[in-house]
Amino acid sequence: MNKYSTLFPAVVLLSACGANIDDLVAYTEKVKQTTAVTIDAYPEFKKLDPVSYEATNLRSPFKRSLNTETVEKVVSSPKCNQPNLGRKKQALESYGIDAMQMSGVFTTNGKRFALISANDGSLHKASIGTYIGLFHGRIVSITNSEIQIKEMLPDGGGCWKEKIATMSMSTVIGDDNNV
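In terms of mature numbering (1 follows the signal peptide of the UniProt record, and there is no 0), the sequence shown is residues -21 to -1, 1 to 158.
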């Protein structure tokens, strides 16, 4: 019984389909005749002379240079303040002061340390004398609520001027108030 119950409706539905599609063929022929196909001609291109590459003996800009360290050259005057440009940079010198926040203070064996969080989520331990910031800053004092940083800013004439910046517990990363 199940075989015939599904077979009978299928036969009835298929018998309704006929092969009479003359009206559809006539309509498609009419559309083909009334629709004009126009294709624009391609524009004429000018022939350009080839340019020869003459920089084959120069260093490739896509390869790292042999001298990976860049050294800042400053014309120094004996009467000017100068930062130590030859020393190795510390971790906190890769962040601007406005990209850091004082997170806490602790003392171990009589030495005071500050906890500084950077905008990338990293936490750093710093003490007096630690270099910090992008302008050759150095921590000069740490209290329970703030850090004082002595920065060296170039004056444009080959000399460097000192500036005191303060980073406090109340400042938020991205604030310019602590700079």
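The beta carbon of each residue, even a glycine, is placed where N, CA and C say it ideally should be.
Quick caveat: nothing in here was measured; it's all calculated off a predicted structure.
Would you grab the beta carbon distance between residue 160 and F114 for me? Rounded to a whole angstrom, and I think it's under 8 Å. In the structure as shown, the chain starts at -21 and stops at 158, and residue 160 therefore has no counterpart that could be examined.
Whole-angstrom distance between D28 and Y6, CA atom to CA atom: 54 Å
6 Å CB neighbourhood of S120 in its chain, flanking five on each side removed: Q127
Among all the DSSP beta bridges, which residues are the ones paired with V111? Correcting the residue identity first, residue 111 is Ile in this sequence and not Val. DSSP links I111 through a beta bridge to G116.
Can you list, in chain order, the residues of its chain whose CB lies under 7 Å from that of P133, leaving out five sequence neighbours each side? Within the same chain, P133 has close Cβ partners W139.
For residue 160, tell me which candidate among M146, T14, Q80, V(-11) has the shortest Cα-Cα distance. With the chain covering -21 to 158 only, the question about residue 160 has no answer from this structure.
Can you list, in chain order, the residues of its chain whose CB lies under 7 Å from that of G65, leaving out five sequence neighbours each side? none
Under the three-state DSSP convention, the category P133 falls into: strand
Would you list the residues sitting across from F85 in a DSSP beta bridge? Paired residue(s): F92.
Collapsed DSSP secondary structure at S124 in the structure displayed: coil
According to DSSP, residues forming a beta bridge with E141: Looking at the DSSP output, E141 sits in a beta bridge with M131.
Quick one: what's got a C-beta closer than 6 Å to K25's C-beta in the same chain, skipping five residues either side? none
What would DSSP say about L27, mapped onto helix, strand or coil? coil
In the structure shown, what three-state DSSP assignment does Q61 receive? coil
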